[in-house]
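Numbering (the working numbering), first residue to last: 852 to 1192.
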Amino acid sequence: MSDEEVFPLPRAEIIALFLESLIFGAFSVLYAIAIWILLYREKVRTRASLNKMLFATSTVMYILSVAHLCLDVQRAVVGFVNEGGKPDGTLEFYLRLNNPTHIAKNVIFITMTLVGDGFVSYRLWIVWNRAWWIVILPILLLTGTAISGYGACFEFTLIDSGTAIFQSNLQPWITSFFALSLTTNLLATFLITARIMWSNRKVRQYRAGTAATSQWDVIETLIQSAAIYSAALASLLGTYAAGSNAQYVCLDALQPLIGLVFTLIIIRVGLGYSLNESSGAQVISDRHVRNQELSHGDYQLRPMAINVSVSRTDDRQSLELYDRKEPGDIESADTVTGTAA
């Protein structure tokens, strides 16, 4: 029994649209929260400008996701309504890989992937103290991803109508695109995590238990975000290699998932910063009250000079690194943090 009989293409497309809509809805909520955090964080820090890189990247991802969903809805209307009354009309419509709407949605998906992978490479460059040699391989992988992705879209324009996406002339382009993107994310996540652990080892003897907690909080965020995206991308690669129509479900779901994972990181870091600030304010307030009680006691305490050395680490640093102007600032930080999309 063929895969078309077990899991027909029209069924796969309607399930893919449903799943994409659900994830896009979650992405919309998280995007709004992430933008609020970026604006609020800058307001708390009394800075006039927000983090332009994070704001621009998340906004571009959201716009691309909206455009992709609109095309999928338009294609569903044409396929199931306009063509649905014809014998095998819906199937024939979705098999037209040279259809402009099919090519456009794939161009959007490839662009979305490149934005996510590009930011991962940028983050790696920042975390490694702006060392260009560390991003040579990720840049090569990113270039290969772009060539294979847009090359597949060009191949779509050359094939005849009614050709399945699993044709031999398309497989090298599509398989290479998925594999290169997956490799880029896994490699960048590994190198960022290694940098964090190496940096924390240098200052471990001067740090209390909070240092280890902060270190593993950052690493946990890295691994979780990378695992979500990598698992989805691996599922897409596996279903395509198996020649299953389930790859359409994985493909459409992955579009908003890329942005969702990215905004989750902003929210995780931003809320972690807010909690740390609130906790710090409470400690200062308690100390102020105790000092007042002591100053009103029977015995006036004699003033004395105290030299205090404070070492502080919080998840906010992973966002602040993008605003640093001097490369040496990162090297002198207590920990070097980064996040994955």
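Just so you know, even glycine gets a beta-carbon here, dropped at the ideal spot from N, CA and C.
ask   = Val1100 and Leu870: beta carbons closer than 8 Å?
value = Counting from one through the sequence shown, the residue named residue 1100 turns up at place 249. Counting from one through the sequence shown, the residue named residue 870 turns up at place 19. In this structure, Leu870 lies closer than 8 Å to Val1100 by Cβ.
request  = Assign Ala883 to one of two classes, buried (16 or more other C-beta atoms within 10 Å of its C-beta) or exposed (fewer than that).
outcome  = Counting from 1 along the sequence shown, the entry for residue 883 is found at position 32. Exposed: under 16 other Cβ atoms inside 10 Å.
ask   = Quick one: Cα of Thr941 to Cα of Val1112, how far?
value = Your numbering for residue 941 matches position 90 in the sequence shown. Your numbering for residue 1112 matches position 261 in the sequence shown. Approximately 33 Å between the Cα atoms of the pair.
query = Does any C-beta atom of chain B lie closer than 8 Å to the C-beta of Thr1090?
reply = Of the protein chains in this structure there is only one, and it is not chain B.
N- and C-terminal bounds of the alpha helix (DSSP H) containing Trp976 = Position 125 of the sequence shown holds residue 976. Its alpha helix (DSSP H) spans residues Pro951 to Val978.
key: Asn949 to Ala927 span [Cα, whole Å]   = Within the sequence shown, numbered from 1, the residue matching residue 949 stands at position 98. Within the sequence shown, numbered from 1, the residue matching residue 927 stands at position 76. When rounded, the separation of the alpha-carbon atoms in Asn949 and Ala927 is 16 Å.
task = With DSSP collapsed to three states, give me the class of Ala1015.
result = The residue labelled residue 1015 in the question sits at position 164 within the sequence shown. Coil.
message = Measuring alpha carbon to alpha carbon, tell me which residue in Ile1025, Leu1108, Leu1105 and Ser1095 is nearest Val857.
response = Looking up residue 857 in the sequence shown gives position 6. It is Ser1095 whose Cα lies nearest to the Cα of Val857.
query = Taking just the CA atoms, how far does Leu1115 sit from Gln1133?
reply = Locating residue 1133 in the sequence shown gives position 282, counting from the first residue. Locating residue 1115 in the sequence shown gives position 264, counting from the first residue. Unreliable positioning characterises Gln1133 in this predicted model, as indicated by a pLDDT of 42, which lies under 50. A coordinate reading is not provided.
ask   = On the three-state DSSP scale, how would you describe Thr1072?
value = As a first step, residue 1072 is located in the sequence shown; it is residue number 221 there, counting from the start. DSSP places Thr1072 within a helical segment (H, G or I) once states are collapsed to three.
task = Starting from Arg947, follow the alpha helix (DSSP H) in both directions and report where the run begins and ends.
result = Against the sequence shown, residue 947 aligns to sequence position 96. No alpha helix (DSSP H) contains Arg947, which DSSP labels as neither H nor E.
inquiry  = Please report the straight-line C-alpha distance between Leu860 and Leu1073, rounded to a whole angstrom.
reply    = Locating residue 860 in the sequence shown gives position 9, where the first residue counts as 1. Locating residue 1073 in the sequence shown gives position 222, where the first residue counts as 1. Taking the straight line from one Cα to the other gives about 35 Å.
key: Rounded straight-line distance, which links the Cα of Asp1011 to that of Asp968   = Position 117 of the sequence shown holds residue 968. Position 160 of the sequence shown holds residue 1011. Whole-angstrom Cα-Cα distance: 32 Å.
query = Where does the unbroken alpha helix (DSSP H) through Phe1007 begin, and where does it stop?
reply = Working through the sequence shown from its first residue, we reach residue 1007 at position 156. First-last of the alpha helix (DSSP H) with Phe1007: Ile987 to Phe1007.
request  = Could you check how far apart the C-beta atoms of His919 and Phe878 are, in whole angstroms? I think they sit under 8 Å.
outcome  = Within the sequence shown, numbered from 1, the residue matching residue 919 stands at position 68. Within the sequence shown, numbered from 1, the residue matching residue 878 stands at position 27. Contact doesn't hold; Cβ gap of about 11 Å is too wide.
message = Please report the straight-line C-alpha distance between Arg981 and Ile1016, rounded to a whole angstrom.
response = The residue given as residue 981 occupies position 130 in the sequence shown. The residue given as residue 1016 occupies position 165 in the sequence shown. In a straight line, the C-alpha of Arg981 is about 41 Å away from that of Ile1016.
CB of Ile1079 within 8 Å of CB of Leu975, strictly = As a first step, residue 1079 must be located in the sequence shown, where it is residue number 228. As a first step, residue 975 must be located in the sequence shown, where it is residue number 124. No, these two residues do not count as a Cβ contact at 8 Å.
request  = Determine the direct distance from the alpha carbon of Glu934 to that of Leu992, and round the result to whole angstroms.
outcome  = Translated into positions along the sequence shown, residue 992 becomes position 141. Translated into positions along the sequence shown, residue 934 becomes position 83. It is roughly 40 Å from the alpha-carbon of Leu992 to the alpha-carbon of Glu934.
Ala927: first and last residue of the uninterrupted alpha helix (DSSP H) it sits in = Translated into the one-based positions of the sequence shown, residue 927 becomes position 76. Ala927: member of the alpha helix (DSSP H) spanning Lys903 to Val928, first to last residue.
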